[in-house]
Every structure is written in structure tokens, then in C-alpha cells.
Amino acid sequence: MKPVVAKDYSKTLQGELFLAMQNSGGAMFKLLQQTESFAKRNFEINFSKNGELVSVSHVRPVEDGNIHVLTFPLEKLENGLEMKEGVGLYHNRQNQLEEAGNLKSVLKELVSKSDSYVEFKELVEAKKVEGIEIGFTADNRNIHAKRFGEKEEYAQIAVSTVGTGMKLLKDKSAYEKGTFPYDMETAKTFEPESKVKSNLEKLK
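In the numbering used here, each number is its position in the sequence shown, counted from 1, plus 6.
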């Protein structure tokens, strides 16, 4: 039996980022025009608010069940200084997409409005009716989603980037160990039907 060799996803991600930066010629609008093409190749590029950092990551889990991410100082990359001037355009575009209800905004809303992992599971189940499947990566660092339809859409968020994300992970761990809820002082009686109705109201 041949030994299992771990795949180095960082090389692929780095290559995609460097190529995208090169092809954009330092123009942010050119980079944004390639977003759909990037997603088909299973990666996305994001910029920090201050324009100091750029990251490249998968948008859906790879063979090991995880989403990998690399971060670089923007000014160190080819066309980085020129691209930094367009970071405002990038964030304006991201805000517009989230306001329009893109899949990433759906994930953020689910996490922020879930008081517990049980509630999160209910909301995720409800989203299946809308053709949206949601799950955690193998390492629990990211939550990913897929929207089915004529044009499939993928999205992912790092759990730690959402305000209540780490609490959700703690709840999830306790739930899977059979010790949920872990905080008995805040534990409440679980009433399935009324709870589901209440949770669905949160998303309206």
C-alpha cells in the first residue's frame, strides 16, 4: 500500500492569487470581473479593510474536508500598490452583494441569529427548502454553503469572524459530546414547534 501523501493546497492557492494579481494589472475592477471564474476554480480573493492584507482561500471544502487560506501583505505582491488604491471599490462591492442577500450574507445571518447550536441546526434545516445546503468544514473553522439552481452559488465564512461564532462552536462541541447545553444557568426548555417558528421569524 502506498503511503498517503498530504496535498499541498497552499501552492495552488498562491499560484491562483499571483496569476490573478498579474492579469488584473493593478485594476481592482478587472479583478472583480473575474469573481465567477475564480469561484469555478474554487477560490476567492479578499482584502482587509485597511488594504494592508490580501487573502486567498477556497470557497468550498477540498479533499481533506477543509477550506484553506493564505494571507499576504498586499504591497509585497505584483501590482499590489496599485491594487491597494482600489480596496474601497472592493468593499463597496461586497457590501452591495450582502445587501442584495448573497450566500455569504445568509451564512453570517444564520450564525449571528443563532442563540445555540440547536437553533442553528433548525435554521439550516429550514434553508434546505430554499435550495441551500450548509455545513461545517472538518476542522470546524469554516461554515460553507451551496445554493442550488440554474446557477450554483458557493460561499464560506470563517467562524471566528462572526461575533457569536466561537460560542456556536462551543455549543456544537458540547452537543456532539452529549453535554448540551453546557451552560445550565442559561438552559431553557426546548419546545420544537414553537422554537422552529421563533427561529424562522428571526430570518424575516
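All C-beta atoms in this analysis are idealised placements derived from N, C-alpha and C, irrespective of residue type, glycine included.
In this text the structure is predicted, and so the values were computed from the model without any measurement.
Pick out whichever of the options has its Cα sitting closest to the Cα of residue i.
| i | options | result |
| --- | --- | --- |
| G145 | E128, E182, N72 and K178 | Looking at the sequence shown, residue 145 is not Gly but Asp. Here the closest residue by C-alpha is N72. |
| V127 | V93, L174 and Q28 | As written in the sequence, residue 127 is Lys, which differs from the Val given in the question. The option with the nearest alpha carbon to K127 is L174. |
| R66 | A26, K183 and G141 | G141 |
| K82 | R147, L59, G94 and L103 | L59 |
| F154 | N148, I138 and I163 | I138 |
| S63 | E158, H150, K157 and K183 | H150 |
| L109 | R147, E159 and M89 | E159 |
| V75 | K133, R147 and L129 | R147 |
| L212 | S54, V165, A180 and E84 | The structure shown does not extend to residue 212, since the chain spans only 7 to 210, so no value can be given for it. |
| K46 | T185, K157, S179 and T167 | K157 |
| K17 | F49, L37 and M34 | F49 |
| G216 | K133, V130 and V124 | Nothing can be reported for residue 216: it is not among the residues displayed for the chain, which extend from 7 to 210. |
| S54 | T167, V68, E182 and K152 | T167 |
What's the call for residue i, buried or exposed, on a 16-neighbour Cβ count within 10 Å?
| i | result |
| --- | --- |
| E79 | Going by the sequence as given, residue 79 is Pro instead of Glu. So P79 ends up on the exposed side. |
| L87 | exposed |
| D177 | buried |
| S30 | buried |
| G92 | buried |
| T77 | exposed |
| T143 | buried |
| A106 | exposed |
| L25 | exposed |
| F35 | exposed |
From the DSSP secondary-structure annotation, give me the bridge partner or partners of residue i.
| i | result |
| --- | --- |
| F53 | V60 |
| K114 | Paired residue(s): none; K114 is not in a bridge. |
| Q40 | Note: Q40 sits in no beta bridge, so no partner. |
| T77 | S61 |
| Y160 | K152 |
| F142 | I149 |
Any chance the stretch 85-100 sits against the stretch 37-44, with 3 or more Cβ pairs inside 8 Å? yes
Are at least three pairs of beta-carbons, each pair with one atom in the stretch 112-119 and one in the stretch 160-180, less than 8 Å apart? yes
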